[in-house]
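**Q** A single structure is presented below for examination.
Residue numbers (the numbering used here): 131 to 271.
In structure tokens, the structure reads:
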């Protein structure tokens, strides 16, 4: 079942949801937000697509299985614990690297962002796996 208004709304709202989910991810290690809320927002975009166009359309748009998102997110979260352990001898200690940019600016990247990215991917994968499975089981669309 395709609902015209839902399909038209999806075309505009999908990019807005994904943009704000990434924005929430990047500001989350210093301010409220982060990987969990960003992952929920990103999965919301794909769930909205599944409601508008069907589960298979949303799976094709995702291009990766939700279980692989979960695995890669867990890998990144575990990987984020190692730099602090090797640099400071403390497991899960925050470690930052300054990357020089043009015109004397620097970009400060740290392990909290890597951990948040892992949480983002894991939450997105878990929510999508759950919702896609339920929608397929209940023959939604």
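Don't be surprised by glycine CBs; every beta carbon is placed ideally from N, CA and C.
Small disclaimer: the values here were computed from a predicted structure and weren't measured.
Quick check on residue 221: buried or exposed, where buried means 16 or more other Cβ atoms within 10 Å of its Cβ?
**A** Exposed, by the Cβ-count rule.
**Q** I'd like to know whether the C-beta atoms of residue 262 and residue 185 end up nearer to each other than 8 Å.
**A** Contact flag set, yes.
**Q** Going straight from the alpha carbon of residue 238 to that of residue 226, what length do you get?
**A** When rounded, the distance between both Cα atoms is 7 Å.
**Q** My output table needs one value for residue 208: the three-state DSSP class, helix, strand or coil.
**A** Residue 208 falls in the helix class under three-state DSSP.
**Q** With distances taken from CA atoms, which of 224, 235, 204, 177 is nearest residue 270?
**A** Among 224, 235, 204, 177, the Cα nearest to that of residue 270 belongs to 177.
**Q** Based on the DSSP output, what are the partners of residue 229 in its beta bridges?
**A** Residue 229 is bridged to 237.
**Q** So, are the CB atoms of residue 163 and residue 157 less than 8 Å apart?
**A** In this structure, residue 157 lies closer than 8 Å to residue 163 by Cβ.
**Q** What do you reckon, are the CB atoms on residue 203 and residue 255 nearer than 8 Å?
**A** Yes; because the gap between Cβ atoms is below 8 Å, this pair is in contact.
**Q** Note down, one range per segment and in chain order, each alpha helix (DSSP H) of at least 4 residues found wholly within the segment 143-224.
**A** Counting whole runs of 4 or more residues, the segment 143-224 contains the alpha helix (DSSP H) stretches 165-183, 185-192, 196-209, 212-218.
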